[in-house]
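Novice: Residue numbers (the working numbering), protein chains in the order written: chain A, 34 to 441; chain B, 34 to 441.
2 protein chains.
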Amino acid sequence: MDSNAVAPNCLSGVRVLDLSQFEAGPTCTEVLAQLGAEVVKVENPRGGEPGRILGTGPKPGDDAYYFMIYNANKKSVTANLKSPRGVALVKDMAAKADVFIENMAPGTIEKLGLGWDVLHALNPRLIYAQVKGFGTGSPYEHNLAFDMIAQAAGGNMAITGEVGGRPVRPGPTLGDTGTGMLMAISILAVLYQRNTTGKGRRLQVAMQDAQLNYTRGSFINYARTGEPQERGRAGFGPPVPPNDIFPCKPGGPNDWVYVFNSHNNPEHWRRLAKIIGRPELADDPDYLDRDKRLARADEVNEMMAAWTRQHTKHEVMNIIGGAGVPAGAVMDTGDLLAEKSFEERGIIQTQKHPNGDLRMPTFPVRFDGKPPEIKPSPLLGEHTTEVFGDWLGMSEGDVAGLKSDGVI
Amino acid sequence: MDSNAVAPNCLSGVRVLDLSQFEAGPTCTEVLAQLGAEVVKVENPRGGEPGRILGTGPKPGDDAYYFMIYNANKKSVTANLKSPRGVALVKDMAAKADVFIENMAPGTIEKLGLGWDVLHALNPRLIYAQVKGFGTGSPYEHNLAFDMIAQAAGGNMAITGEVGGRPVRPGPTLGDTGTGMLMAISILAVLYQRNTTGKGRRLQVAMQDAQLNYTRGSFINYARTGEPQERGRAGFGPPVPPNDIFPCKPGGPNDWVYVFNSHNNPEHWRRLAKIIGRPELADDPDYLDRDKRLARADEVNEMMAAWTRQHTKHEVMNIIGGAGVPAGAVMDTGDLLAEKSFEERGIIQTQKHPNGDLRMPTFPVRFDGKPPEIKPSPLLGEHTTEVFGDWLGMSEGDVAGLKSDGVI
Chain A
34 MDSNAVAPNC LSGVRVLDLS QFEAGPTCTE VLAQLGAEVV KVENPRGGEP
84 GRILGTGPKP GDDAYYFMIY NANKKSVTAN LKSPRGVALV KDMAAKADVF
134 IENMAPGTIE KLGLGWDVLH ALNPRLIYAQ VKGFGTGSPY EHNLAFDMIA
184 QAAGGNMAIT GEVGGRPVRP GPTLGDTGTG MLMAISILAV LYQRNTTGKG
234 RRLQVAMQDA QLNYTRGSFI NYARTGEPQE RGRAGFGPPV PPNDIFPCKP
284 GGPNDWVYVF NSHNNPEHWR RLAKIIGRPE LADDPDYLDR DKRLARADEV
334 NEMMAAWTRQ HTKHEVMNII GGAGVPAGAV MDTGDLLAEK SFEERGIIQT
384 QKHPNGDLRM PTFPVRFDGK PPEIKPSPLL GEHTTEVFGD WLGMSEGDVA
434 GLKSDGVI
Chain B
34 MDSNAVAPNC LSGVRVLDLS QFEAGPTCTE VLAQLGAEVV KVENPRGGEP
84 GRILGTGPKP GDDAYYFMIY NANKKSVTAN LKSPRGVALV KDMAAKADVF
134 IENMAPGTIE KLGLGWDVLH ALNPRLIYAQ VKGFGTGSPY EHNLAFDMIA
184 QAAGGNMAIT GEVGGRPVRP GPTLGDTGTG MLMAISILAV LYQRNTTGKG
234 RRLQVAMQDA QLNYTRGSFI NYARTGEPQE RGRAGFGPPV PPNDIFPCKP
284 GGPNDWVYVF NSHNNPEHWR RLAKIIGRPE LADDPDYLDR DKRLARADEV
334 NEMMAAWTRQ HTKHEVMNII GGAGVPAGAV MDTGDLLAEK SFEERGIIQT
384 QKHPNGDLRM PTFPVRFDGK PPEIKPSPLL GEHTTEVFGD WLGMSEGDVA
434 GLKSDGVI
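#1: List in chain order: all unbroken beta strand (DSSP E) runs of 3+ residues lying wholly within the region 149 to 175 of chain B.
#2: Helix, strand or coil for residue 393/B, going by three-state DSSP, please let me know.
#3: What number of angstroms, rounded off, separates the C-alpha of residue 54/A from the C-alpha of residue 290/B?
#4: In this structure, what does DSSP give as the bridge partners for residue 361/A?
#5: Could you give the DSSP three-state label for residue 109/B: helix, strand or coil?
#6: Any Cβ of chain B within less than 8 Å of the Cβ of residue 335/A?
#7: How big is the Cα-Cα spacing for residue 130/B and residue 50/B?
#8: Give the secondary structure of residue 408/A by DSSP, where H, G and I count as helix, E and B as strand, and everything else as coil.
#9: So what's residue 48/B in DSSP terms, helix, strand or just coil?
#10: Tell me which same chain residues have a C-beta within less than 8 Å of the C-beta of residue 158/B, skipping the five on either side of it?
#11: Taking 8 Å as the cut-off, does the region 304 to 314 of chain A touch the region 370 to 377 of chain A (at least 3 CB pairs, one atom from each stretch)?
#12: For residue 199/A, which residues in chain B fall below 7 Å Cβ to Cβ?
#13: Name the one or two DSSP bridge partners that residue 372/B has.
#14: In terms of residues, what are the limits of the beta strand (DSSP E) holding residue 383/B?
#15: Along chain B, which residues have their Cβ under 7 Å away from the Cβ of residue 401/A?
#16: Within its chain, find whatever has a CB closer than 6 Å to the CB of residue 175/A; leave out the 5 residues flanking it on each side and keep chain order.
#17: Is it the case that the region 425 to 441 of chain A contacts the region 92 to 109 of chain B, given that we only count it when at least three CB pairs across the two stretches are under 8 Å?
#18: So, using beta-carbon positions, are residue 338/A and residue 261/A closer together than 8 Å?
#19: Counting only beta-carbon atoms, is residue 421/A nearer than 8 Å to chain B?
#20: So with Cβ pairs under 8 Å, would you call residue 49/B a contact of chain A?
#21: Run down chain B in chain order and give the residues with a C-beta less than 7 Å from the C-beta of residue 80/A.
#22: Using 8 Å as the Cβ pair cut-off and three pairs as the minimum, do the region 295 to 304 of chain B and the region 113 to 121 of chain A touch?
#23: Return the CA-CA distance between residue 359/B and residue 305/B, expressed in angstroms with no decimal places.
#24: Which residues of chain A have a Cβ atom closer than 9 Å to the Cβ of residue 120/B, listed in chain order?
#25: Is the distance from the Cβ of residue 391/A to the Cβ of residue 85/A below 8 Å?
#26: Give me the Cβ distance between residue 425/A and residue 209/A, rounded to the nearest whole Å; I'm assuming they're in contact under 8 Å.
#27: Closer than 7 Å by beta-carbon distance: list the chain B residues that pair up with residue 43/A, in chain order.
#28: Could you spell out where the beta strand (DSSP E) holding residue 239/B opens and where it closes?
#29: Within the 8 Å Cβ cut-off, does residue 53/A reach chain B?
#30: Just the C-alpha distance for residue 381/A and residue 396/A, rounded to the nearest angstrom, thanks.
#31: Tell me the residue span of the beta strand (DSSP E) that contains residue 440/A.
#32: Residue 245/B touches chain A at which residues, Cβ-Cβ below 8 Å?
#33: Looking only at its chain, what residues have a beta carbon closer than 7 Å to the beta carbon of residue 342/B, apart from the 5 residues adjacent to it on each side?
#34: Can you find a CB in chain B that lies within less than 8 Å of the CB of residue 360/A?
#35: For residue 279/B, report the span of its beta strand (DSSP E) as first-last.
#36: Just to confirm the assignment: which complete beta strand (DSSP E) runs, minimum length 3, are found wholly within the region 214 to 268 of chain B?
Next up, the structure:
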């Protein structure tokens, strides 16, 4: 194990039967796996889940980086769900599982005979989790959704973009990963509750609905003004300058820094005025007063930019952040991978996969000082013999028979 | 209780001692409260946590909507942490708590004498959770962070914006709420583990580190190309048109719709061509072939826009989504509040606060069909007598004495 990481083992002994695919469901089960659950993906024997071929990976024609990044620390078995014996296998596993999760198109899991009613009757302790695009009862209940659809219809895009510009999709995949995190919370809460009740529950989340929680700050503005939050504005009212993203040396696409000057703390302006070489303005009432500074926003922002353009984003972050004024360099993936402390602290780790390495972030919470260790994503069916033996008591011969019969 | 909501009671009996403020920590404990934990905020008797006065609320000079939205379902007690007896009170409560959480500036909680070492020695079962801007060992360890700083330095802004434009801050407060959700997951996992071990653990998360997990999709692109993901592009390579955000009638700032045409499914184009009144192009090889369509992206996108401009975003979402092609209207807060199914399904509820109502989203996962009920955020010190009596066995007279001594 990487000495900077830990096996948190919080969920040792918890068995998760994972029929999910792409990102929202797999994110949920990846967290559970990183926290110590035994997560078993059930995949189509012909190619596995579709995420395995989304883009390229370290080895041509084999598992994509996409799959590797969303399926670390899991196991994989195969089962042909078009065969009744394949479906029966999943039921046998569900009888032994603690958690079941799926994110198929609406109605599909029920048509397969693996709906809540069936599995709950089979195993009343089973926690049954479903992720869909839109909620049951929504006018869009039967519509498909991908990340960007949930981000549009869930309120994220309307509040993202430049002032006066068109709506912009947030880069982080909140529609998928954001939703998966909320389902992980819910599964863990019911797992805890089950210690007392002995019973599983049915959990359902819609990707659209999940976005409302992440953007609930925009409901504050609506309550205050009766109007939707204006794009490009957070907080209440126009930002008191300098409070924006400023250009840095040498002018590349990600050479920018965010500087946050609190409108409640005049010390911020005093420090910034000295840093940018305008100490005479630190206590000048025409600049120290926040309303007066706001009235000359363009002038103040240009002063700030004239200074930031002479420094790299890292210099600006060090100088301004070090002076106690919040500042954040716009770091891109290359910057994050180049910043050594992420690896030293175990936040970025190398997934050692048989097809090749992948440097990626782990679940970032530290347990007694260290974040969870990343283990490789599974090859298709890599754990079929192990899991069917362990969960169902099958022999290697039994598994070979299922294979030759086309069931797995 | 709202008949569309439920008290999930997953965490009945779990006591959370909450010294957090603003959004990241409070989001974590709001989820725990909505799932049934008893969350007790410990606040400064003079005004309470600073979020109480961030902007206005339903009653002039009293709790802000900001506070109401991030502190639903919690209790509040007061304790003056500048008084040794106030700190001793918090220790007494920590001895009776299951979870302790704080998100003060680096080093502050330790200076108060409430660090991990102290509270762990006092109550080995206590789960001790800390949220900071940057991680211990990061070059920015001592820097302050707000949401936008974490979103800049954690990789979110670099991948958000228009192609060729400057970086844009995602509107959803991933830096705060996103981080809080990951801490909630971790607390729940350790709560489960504690059933076996009987021991608490120390949990720490940095807002910057948390962003890396939400943006880990950008590490896929880096692994593939060795370059940071280009702004305004998700997926791998240029999007096959029509795959963008399109303008709708009547042309207001949020009258836009996202249409996602899968590059792997030629049916999407066939259906879209018919919908936009160009059925002759459905099987025309110059348009059906995705590479040829990509070569004439501007023409195809303008065809699509010419049609969307004649319809409202809701019409477009209904027509295109109904035809099995993913489409999402850009919904703003006003649209979300006007869409009745959110209230019918309990996803948006009315917080009935003594100062006035607030319509807001709840935690959106449904437990046996219904999401958690929203209860009001607490008035400052509203539960002091109740909680000190219940947790510490104090009489009303004891509490009155603490109050007259300025301890609470």
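All residues carry an ideal CB built from backbone N, CA and C; glycine is no exception.
Specialist: Let me lay it out:
#1: The qualifying runs are 160 to 165.
#2: If DSSP states are grouped into helix, strand and coil, residue 393/B belongs with the strands.
#3: One alpha carbon belongs to residue 54/A, the other to residue 290/B, and they sit about 26 Å apart.
#4: BP columns for residue 361/A point to 291/A.
#5: In the structure shown, residue 109/B sits in a strand (DSSP, three-state: E or B).
#6: With respect to chain B, the C-beta atom of residue 335/A has no partner C-beta closer than 8 Å.
#7: Their Cα atoms are separated by approximately 6 Å.
#8: Coil, per DSSP.
#9: It is a strand residue.
#10: 131, 227, 231, 232, 233, listed in sequence order.
#11: By the Cβ test, the region 370 to 377 of chain A is not in contact with the region 304 to 314 of chain A, since fewer than three Cβ pairs between them sit closer than 8 Å.
#12: Close to residue 199/A, with beta-carbon spacing below 7 Å, are these residues of chain B in chain order: 278, 289.
#13: The partner list for residue 372/B (beta bridge, DSSP) is empty, contrary to what the question assumes.
#14: Run containing residue 383/B: 381 to 386, per the beta strand (DSSP E) assignment.
#15: Correct list: 234, 235.
#16: Excluding sequence neighbours, residue 175/A sits near 139.
#17: Judged by Cβ distances under 8 Å, the region 92 to 109 of chain B makes no contact with the region 425 to 441 of chain A, as fewer than three pairs qualify.
#18: The answer is no: Cβ separation not under 8 Å.
#19: No, residue 421/A lies away from the interface with chain B (no Cβ there is under 8 Å from its Cβ).
#20: Chain A contact via Cβ: absent.
#21: Chain B residues near residue 80/A: none, gap ~13 Å exceeds 7 Å.
#22: No, they do not touch.
#23: If you take the alpha carbons of residue 359/B and residue 305/B, they lie about 11 Å apart.
#24: Within 9 Å Cβ-Cβ: nothing; residue 120/B doesn't reach chain A, min ~25 Å.
#25: No; because the gap between Cβ atoms is not below 8 Å, this pair is not in contact.
#26: Wrong, their Cβ atoms sit about 32 Å apart, outside the cutoff.
#27: Those are 222, 223, 225, 226, listed as they occur along chain B.
#28: Its beta strand (DSSP E) spans residues 235 to 239.
#29: It does not; no Cβ of chain B falls within 8 Å.
#30: Taking the straight line joining both Cα atoms gives about 9 Å.
#31: Counted as a single uninterrupted DSSP element, the stretch harbouring residue 440/A is not any beta strand (DSSP E), since DSSP gives it neither H nor E.
#32: By Cβ distance, chain A contributes 369, 375, 380, 381, 394, 397.
#33: Excluding residues up to 5 positions away in sequence, 280, 281, 282 lie with their Cβ nearer than 7 Å to the Cβ of residue 342/B in the same chain.
#34: Yes, residue 360/A counts as interfacial toward chain B.
#35: Residue 279/B -> beta strand (DSSP E) spans 277 to 280.
#36: List check, beta strand (DSSP E) in window: 235 to 239.
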